[in-house]
Structures are given as C-alpha cells and as structure tokens.
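Structure, as structure tokens:
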Amino acid sequence: MNSPVFSVSPESKFRERSSSRLFFSEVGLCCYHSRSSNAYQLLLRLTSITDVQPPTCTSFAFASDPSPLQDFCVADPESPVLVNGVVCKDPKVVQADDFLFRGLHLMGNTSNNVGSNVTLVNVEKLRGLNTFGISMARIDFAPMGINPPHTHPRATEILTVIEGTILVGFVTSNTENRLITKVLEKGDVFVFPEGLIHFQKNLGNGYALALAALSSQNPGVITIANAVFGSNPNIAADILAKAFQTDISVVSQIQSKFKTLM
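Quick note: the sequence shown, position 249, residue 249 per UniProt numbering, numbers continuous.
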C-alpha cells in the first residue's frame with residue numbers, strides 16, 4: 001500500500017515556521033542560563049531539526065528583594081563577608097529577640113525644621129527581616145508638619161493614617177510629571193509607587209500619626225532637598241542655578257541652610 005502524499009502549500013509552511021519561531025523565541029527568553037546549560041543544548045537540538053535559528057538566551061534583572069530559600073536568614077552584622085544584602089546568622093544561635101522590635105508605640109521627636117519624625121523598622125533595626133522583602137515605619141507629624149518630598153529607590157510604600165488628616169501626593173516620571181494628591185482621614189490607605197517622589201503633610205492643628213509598610217527590607221530614602229542642596233561635597237552652584245532657572249546667589253543661600261543641618 002502506497003503511503004499518502006501530502007501537499008504543503010507555501011502559506012502553511014510559512015505559518016509553521018512562524019509558529020516555530022514564536023515558540024523557540026518564548027522558550028529562549030525563559031532560558032536565562034548560560035549557553036552551556038542543559039536547557040540551551042536541548043534547544044539547539046530541537047532547532048537542528050527545524051528551519052529555525054536557535055534562540056538567544058536573555059538574562060533578566062528583577063527589581064525586588066530575592067525570595068528566601070530557607071525558613072529564615074537572620075542578619076549577622078558582625079560578619080566580615082560583604083554581599084548584596086546581609087549574611088545569615090547561624091540558625092542554631094538564632095533567638096526570639098532576633099525577630100522582635102520594641103518601641104513603635106513611642107512618639108517620635110517632631111521638634112525639627114520640617115515638623116515630622118520617621119521611626120524606620122528595617123533590617124538594621126530588626127535582623128529577622130533579612131530576605132523577607134518588607135519593612136515598616138511610624139511617621140509622627142507636628143501640627144502642619146511635613147514629611148518632605150523624598151523617594152524610596154528600592155520599595156513601594158503603602159501608608160495608613162492612624163490619627164489626623166494628612167495630605168499625601170506623588171509625582172509621576174518625566175515627561176508628564178503629573179502630581180497626584182489626596183487628603184486622607186483616619187483609617188484611609190494610600191500607595192506610593194516604587195521610586196517616585198512623594199510627600200505627606202499634616203493638615204490639622206493637632207498631632208497626626210501614620211504607619212507605612214515598604215516592599216523591601218532596606219528601602220532606602222532620598223530626601224530631594226537634602227540630596228540636591230545638602231550633598232557632600234556640594235553640587236556646583238552654577239549647575240543648580242541653571243537647573244532651577246535662578247541666580248547662583250539664591251542657590252548658595254539655600255545650600256548654606258543645609259550646611260547648618262549637617
């Protein structure tokens with residue numbers, strides 16, 4: 001019995017090749033191992049029996065804290081080893097106190113130029129946070145006090161108002177630079193996207209309180225005014241004058257105010 005003969009049109013062959021290319025492109029993107037890996041060698045064998053070029057493996061960088069690979073990894077500040085993060089303490093010597101922070105019930109000192117105080121609970125204060133990708137903060141506000149414009153380069157922030165009325169806002173990235181603001185009351189929750197400049201202001205005549213959670217064990221903070229006008233050493237005044245479209249004398253005057261705070 002003769003085997004049947006199938007006629008393949010150019011259109012169907014094109015669709016087959018396109019589908020194969022799409023498949024191998026997707027697999028190639030998922031394969032972020034080295035070219036000597038078993039996964040990549042398998043792809044080479046598969047592509048050798050098709051009319052498709054082997055995919056290029058692509059490496060990915062994920063902008064978040066790594067997931068834990070064990071129950072816990074209590075930070076060991078005494079370790080001489082330097083890594084991107086904090087080295088783990090021997091789990092055999094871990095104690096309950098490694099997972100404990102006391103003092104968040106205490107009001108922070110708001111007697112300063114901005115009228116606010118941030119009590120941050122990150123991996124430096126609570127060693128048990130290491131590898132868990134979270135931290136938190138208590139933010140106290142004097143009447144009309146502000147938490148000045150700042151950014152967390154490594155974390156998204158979610159803020160809950162515990163007491164008072166607080167104006168919050170953030171600015172979107174270039175080139176729109178859109179200001180998004182909202183007045184929050186007790187119990188309201190607001191989120192600040194990772195890396196965007198944001199701020200808070202107490203609108204009341206009494207003290208206000210908020211709690212914030214952040215998506216990193218070490219979110220970092222860059223206060224815009226401090227970074228621009230209070231850097232060490234100073235950014236050249238002529239650069240800032242041109243950036244802010246003002247006189248050098250004005251920039252120098254502002255920089256002098258931040259020198260007294262250092």
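Glycine is no exception: its CB is placed at the ideal position from the N, C-alpha and C atoms.
As assigned by DSSP and simplified to three states, the class of residue i
i: residue 256; result: helix
i: residue 129; result: helix
i: residue 219; result: coil
i: residue 149; result: strand
i: residue 123; result: coil
i: residue 134; result: coil
i: residue 248; result: helix
i: residue 205; result: coil
i: residue 114; result: coil
i: residue 240; result: helix
i: residue 170; result: strand
i: residue 228; result: helix
i: residue 92; result: helix
i: residue 199; result: strand
i: residue 65; result: coil
i: residue 99; result: helix
i: residue 82; result: coil
i: residue 214; result: strand
i: residue 139; result: strand
i: residue 155; result: coil
i: residue 160; result: strand
i: residue 235; result: coil
Spatially closest choice to residue i from the options, by CA coordinates
i: residue 268; options: 138, 250, 189 and 180; result: In the structure displayed, the chain extends from 1 to 262; residue 268 sits before or after that span and is not available.
i: residue 132; options: 152, 67, 257 and 237; result: 67
i: residue 154; options: 192, 79 and 211; result: 192
i: residue 258; options: 170, 232 and 240; result: 232
i: residue 322; options: 157, 205 and 215; result: Residue 322 is absent from the structure shown; the chain starts at 1 and stops at 262.
i: residue 205; options: 127, 247 and 115; result: 115
i: residue 71; options: 128, 239, 246 and 77; result: 128
i: residue 112; options: 104, 91 and 143; result: 143
CB contact flag (residue i, residue j, <9 Å)
i: residue 120; j: residue 135; result: yes
i: residue 229; j: residue 235; result: yes
i: residue 164; j: residue 130; result: no
i: residue 180; j: residue 149; result: no
i: residue 168; j: residue 186; result: no
i: residue 227; j: residue 162; result: no
i: residue 152; j: residue 124; result: no
i: residue 75; j: residue 87; result: yes
i: residue 97; j: residue 89; result: no
i: residue 263; j: residue 237; result: The displayed coordinates of the chain run from 1 to 262. Any statement about residue 263 would go beyond what the structure contains.
i: residue 166; j: residue 208; result: yes
Residue i, buried or exposed, once every other Cβ within 10 Å from all chains shown has been counted against 16
i: residue 102; result: exposed
i: residue 100; result: exposed
i: residue 219; result: buried
i: residue 175; result: exposed
i: residue 250; result: exposed
i: residue 200; result: buried
i: residue 253; result: exposed
i: residue 141; result: buried
i: residue 17; result: Unreliable placement is indicated for residue 17, whose pLDDT of 47 sits below 50; the coordinate value is still reported in the next sentence. The residue in question, residue 17, is exposed, as its Cβ has fewer than 16 Cβ neighbours within 10 Å.
i: residue 170; result: buried
i: residue 212; result: buried
i: residue 242; result: exposed
i: residue 147; result: buried
i: residue 65; result: buried
i: residue 122; result: buried
i: residue 126; result: buried
i: residue 246; result: exposed
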